Amino acid sequence: MTEQKGFDLLIRILENFLWNNKIKIAIVGSGEPNYQNYFNYIKAKYPFASIVYIGYNEPLSHKVYAASDFLLVPSRFEPCGLTQMYAMKYGSLPVVRATGGLADTVKEFIPHTQQGNGFVFWNYNAHDFEFAINRALTVYNDSKMLKKARLNAMNEDFSSSKSALKYIECFNWSLEKIK
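Numbering (the UniProt record's numbering), first residue to last: 1 to 179.
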(Lines of atoms letter the chains of each structure in order from A; the text may use other names.)
(Lines give C-alpha, C1' and ligand atoms only; values in the text may rest on other atoms or scores of the structure.)
Protein backbone atom coordinates (compact mmCIF):
# COMPACT_ATOMS: atom_id res chain seq x y z
CA MET A 1 0.00 0.00 0.00
CA THR A 2 2.03 2.86 -1.35
CA GLU A 3 1.51 5.95 -3.43
CA GLN A 4 3.51 4.31 -6.23
CA LYS A 5 0.80 1.63 -6.45
CA GLY A 6 -1.90 4.28 -6.86
CA PHE A 7 -3.53 3.99 -3.47
CA ASP A 8 -3.89 7.77 -3.37
CA LEU A 9 -6.28 7.48 -6.34
CA LEU A 10 -8.18 4.59 -4.81
CA ILE A 11 -8.91 6.41 -1.56
CA ARG A 12 -10.30 9.38 -3.51
CA ILE A 13 -12.97 7.31 -5.25
CA LEU A 14 -13.59 4.15 -3.25
CA GLU A 15 -16.51 5.42 -1.19
CA ASN A 16 -18.27 6.58 -4.38
CA PHE A 17 -18.76 2.88 -5.08
CA LEU A 18 -19.15 1.46 -1.56
CA TRP A 19 -21.88 3.69 -0.18
CA ASN A 20 -24.44 2.52 -2.76
CA ASN A 21 -23.33 -1.13 -2.87
CA LYS A 22 -21.99 -0.86 -6.43
CA ILE A 23 -18.96 -2.94 -5.44
CA LYS A 24 -17.44 -4.96 -2.64
CA ILE A 25 -13.70 -4.72 -2.12
CA ALA A 26 -11.01 -7.01 -0.73
CA ILE A 27 -7.67 -5.53 0.27
CA VAL A 28 -4.70 -7.77 1.08
CA GLY A 29 -1.34 -6.20 1.80
CA SER A 30 0.65 -3.83 3.90
CA GLY A 31 2.46 -0.57 3.42
CA GLU A 32 2.29 3.04 4.42
CA PRO A 33 0.43 3.55 7.73
CA ASN A 34 -1.94 6.21 6.34
CA TYR A 35 -3.26 3.72 3.77
CA GLN A 36 -3.49 0.87 6.28
CA ASN A 37 -5.44 3.16 8.63
CA TYR A 38 -7.75 4.23 5.81
CA PHE A 39 -8.59 0.64 4.87
CA ASN A 40 -9.20 -0.27 8.51
CA TYR A 41 -11.61 2.69 8.60
CA ILE A 42 -13.30 1.37 5.44
CA LYS A 43 -13.60 -2.09 7.01
CA ALA A 44 -15.34 -0.56 10.06
CA LYS A 45 -17.60 1.77 8.05
CA TYR A 46 -18.58 -0.77 5.36
CA PRO A 47 -18.33 -4.18 7.06
CA PHE A 48 -20.57 -5.89 4.50
CA ALA A 49 -18.79 -4.39 1.49
CA SER A 50 -15.15 -4.78 2.46
CA ILE A 51 -12.61 -7.34 3.56
CA VAL A 52 -9.28 -5.97 4.72
CA TYR A 53 -6.25 -8.05 5.64
CA ILE A 54 -3.20 -6.02 6.63
CA GLY A 55 -0.10 -8.09 6.02
CA TYR A 56 1.49 -10.37 3.47
CA ASN A 57 -0.32 -13.64 2.78
CA GLU A 58 0.42 -15.25 -0.59
CA PRO A 59 -2.16 -18.07 -0.35
CA LEU A 60 -4.86 -15.58 0.67
CA SER A 61 -3.97 -13.25 -2.19
CA HIS A 62 -4.50 -16.07 -4.70
CA LYS A 63 -7.87 -16.88 -3.14
CA VAL A 64 -8.81 -13.22 -3.49
CA TYR A 65 -7.76 -13.24 -7.18
CA ALA A 66 -9.90 -16.33 -7.73
CA ALA A 67 -12.93 -14.84 -5.95
CA SER A 68 -12.69 -11.39 -7.54
CA ASP A 69 -14.36 -10.06 -10.63
CA PHE A 70 -11.79 -7.26 -11.01
CA LEU A 71 -8.31 -6.32 -9.85
CA LEU A 72 -7.61 -2.61 -9.41
CA VAL A 73 -4.02 -1.56 -10.23
CA PRO A 74 -3.87 2.23 -10.68
CA SER A 75 -0.06 2.43 -10.37
CA ARG A 76 1.89 5.64 -10.98
CA PHE A 77 4.58 3.46 -12.52
CA GLU A 78 5.00 -0.30 -12.74
CA PRO A 79 8.24 -1.72 -14.16
CA CYS A 80 6.70 -5.15 -14.73
CA GLY A 81 3.82 -6.18 -12.54
CA LEU A 82 2.72 -9.73 -11.92
CA THR A 83 -0.55 -9.22 -10.09
CA GLN A 84 -2.49 -8.47 -13.26
CA MET A 85 -1.17 -11.66 -14.88
CA TYR A 86 -2.11 -13.77 -11.84
CA ALA A 87 -5.56 -12.18 -11.76
CA MET A 88 -6.19 -12.83 -15.47
CA LYS A 89 -5.38 -16.52 -15.08
CA TYR A 90 -8.14 -16.68 -12.46
CA GLY A 91 -10.56 -14.76 -14.67
CA SER A 92 -10.37 -11.56 -12.63
CA LEU A 93 -10.24 -8.63 -15.04
CA PRO A 94 -7.60 -5.98 -14.34
CA VAL A 95 -8.45 -2.28 -14.22
CA VAL A 96 -5.06 -0.62 -14.67
CA ARG A 97 -3.28 2.57 -15.49
CA ALA A 98 -1.35 2.23 -18.76
CA THR A 99 2.21 2.27 -17.49
CA GLY A 100 5.17 -0.10 -17.77
CA GLY A 101 4.30 -3.78 -17.66
CA LEU A 102 0.63 -3.01 -17.10
CA ALA A 103 0.46 -1.29 -20.49
CA ASP A 104 2.27 -4.26 -22.04
CA THR A 105 -0.09 -6.92 -20.68
CA VAL A 106 -3.55 -5.36 -20.30
CA LYS A 107 -5.54 -4.30 -23.36
CA GLU A 108 -8.85 -2.45 -23.14
CA PHE A 109 -11.86 -4.72 -23.60
CA ILE A 110 -13.90 -3.29 -26.47
CA PRO A 111 -17.49 -4.58 -26.28
CA HIS A 112 -18.33 -4.32 -29.99
CA THR A 113 -15.20 -6.22 -31.09
CA GLN A 114 -15.07 -8.55 -28.07
CA GLN A 115 -11.29 -7.97 -27.98
CA GLY A 116 -9.20 -7.10 -24.94
CA ASN A 117 -8.54 -8.51 -21.50
CA GLY A 118 -9.16 -5.68 -19.03
CA PHE A 119 -9.78 -1.98 -18.60
CA VAL A 120 -7.19 0.75 -19.01
CA PHE A 121 -6.89 4.41 -18.14
CA TRP A 122 -4.00 6.59 -19.26
CA ASN A 123 -3.92 9.78 -17.21
CA TYR A 124 -2.98 9.50 -13.54
CA ASN A 125 -6.07 11.01 -11.96
CA ALA A 126 -9.04 9.83 -9.92
CA HIS A 127 -11.61 10.80 -12.56
CA ASP A 128 -10.08 8.60 -15.26
CA PHE A 129 -9.63 5.73 -12.79
CA GLU A 130 -13.28 5.99 -11.74
CA PHE A 131 -14.36 6.07 -15.39
CA ALA A 132 -12.37 2.86 -16.07
CA ILE A 133 -14.06 1.14 -13.12
CA ASN A 134 -17.45 2.21 -14.47
CA ARG A 135 -16.57 0.72 -17.89
CA ALA A 136 -15.71 -2.51 -16.10
CA LEU A 137 -19.02 -2.44 -14.23
CA THR A 138 -20.89 -1.95 -17.52
CA VAL A 139 -19.31 -5.15 -18.85
CA TYR A 140 -20.00 -6.88 -15.53
CA ASN A 141 -23.71 -6.17 -15.99
CA ASP A 142 -23.76 -7.97 -19.36
CA SER A 143 -23.10 -11.66 -18.70
CA LYS A 144 -22.14 -12.47 -22.32
CA MET A 145 -19.60 -9.65 -22.50
CA LEU A 146 -18.24 -10.50 -19.06
CA LYS A 147 -17.76 -14.14 -20.03
CA LYS A 148 -15.93 -13.15 -23.23
CA ALA A 149 -13.66 -10.67 -21.43
CA ARG A 150 -12.82 -13.31 -18.81
CA LEU A 151 -12.06 -15.91 -21.47
CA ASN A 152 -9.80 -13.43 -23.25
CA ALA A 153 -7.94 -12.76 -20.01
CA MET A 154 -7.64 -16.42 -19.02
CA ASN A 155 -6.34 -17.37 -22.47
CA GLU A 156 -3.46 -14.88 -22.40
CA ASP A 157 -0.05 -16.51 -22.70
CA PHE A 158 2.54 -14.88 -20.47
CA SER A 159 4.87 -17.89 -20.49
CA SER A 160 8.62 -17.61 -20.83
CA SER A 161 8.47 -19.70 -24.03
CA LYS A 162 6.33 -17.01 -25.69
CA SER A 163 8.82 -14.33 -24.59
CA ALA A 164 11.71 -16.45 -25.85
CA LEU A 165 10.08 -16.75 -29.27
CA LYS A 166 9.71 -12.95 -29.43
CA TYR A 167 13.41 -12.55 -28.60
CA ILE A 168 14.34 -15.05 -31.31
CA GLU A 169 12.19 -13.14 -33.83
CA CYS A 170 13.88 -9.90 -32.84
CA PHE A 171 17.33 -11.48 -33.04
CA ASN A 172 16.59 -12.96 -36.48
CA TRP A 173 15.26 -9.60 -37.69
CA SER A 174 18.50 -7.95 -36.50
CA LEU A 175 20.59 -10.56 -38.31
CA GLU A 176 18.66 -9.93 -41.53
CA LYS A 177 19.29 -6.19 -41.25
CA ILE A 178 23.08 -6.61 -41.03
CA LYS A 179 23.32 -8.93 -44.05
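Cβ atoms here follow ideal geometry from the backbone N, Cα and C, with glycine treated the same way.
These numbers come from a predicted model, not from an experiment.
By DSSP, does SER50 sit in helix, in strand, or in coil? strand
Check this for me: beta carbons of PRO74 and GLY100, under 8 angstroms apart or not? no
Candidates ILE133, ASP142, CYS170, GLU176, of which the one nearest GLU15 by Cα: ILE133
Pick from ILE13, PHE39, GLU3 that is closest to PHE131, judged by C-alpha positions: ILE13
Only counting the same chain, and skipping five residues up and downstream in sequence, which positions put a Cβ closer than 8 angstroms to that of GLU32? MET1, THR2, GLU3, PHE7
Give every residue of the same chain whose Cβ lies closer than 7 angstroms to the Cβ of THR138, excluding the five residues on either side of it in the sequence, and list them in chain order. none
Span of the beta strand (DSSP E) around PHE121: 119-121
If you drop the 5 nearest sequence neighbours on each side, which residues of the same chain put their C-beta closer than 6 angstroms to that of ILE42? SER50
Contact set for ASN40: own chain, Cβ-Cβ below 8 angstroms, skip 5 residues either direction: VAL52, ILE54
Whole angstroms are fine: how far does the CA of VAL95 sit from the CA of PHE129? 8 angstroms
Nearest-angstrom beta carbon gap, LEU71 and TYR65 [assumed within contact, 8 angstroms]: 7 angstroms
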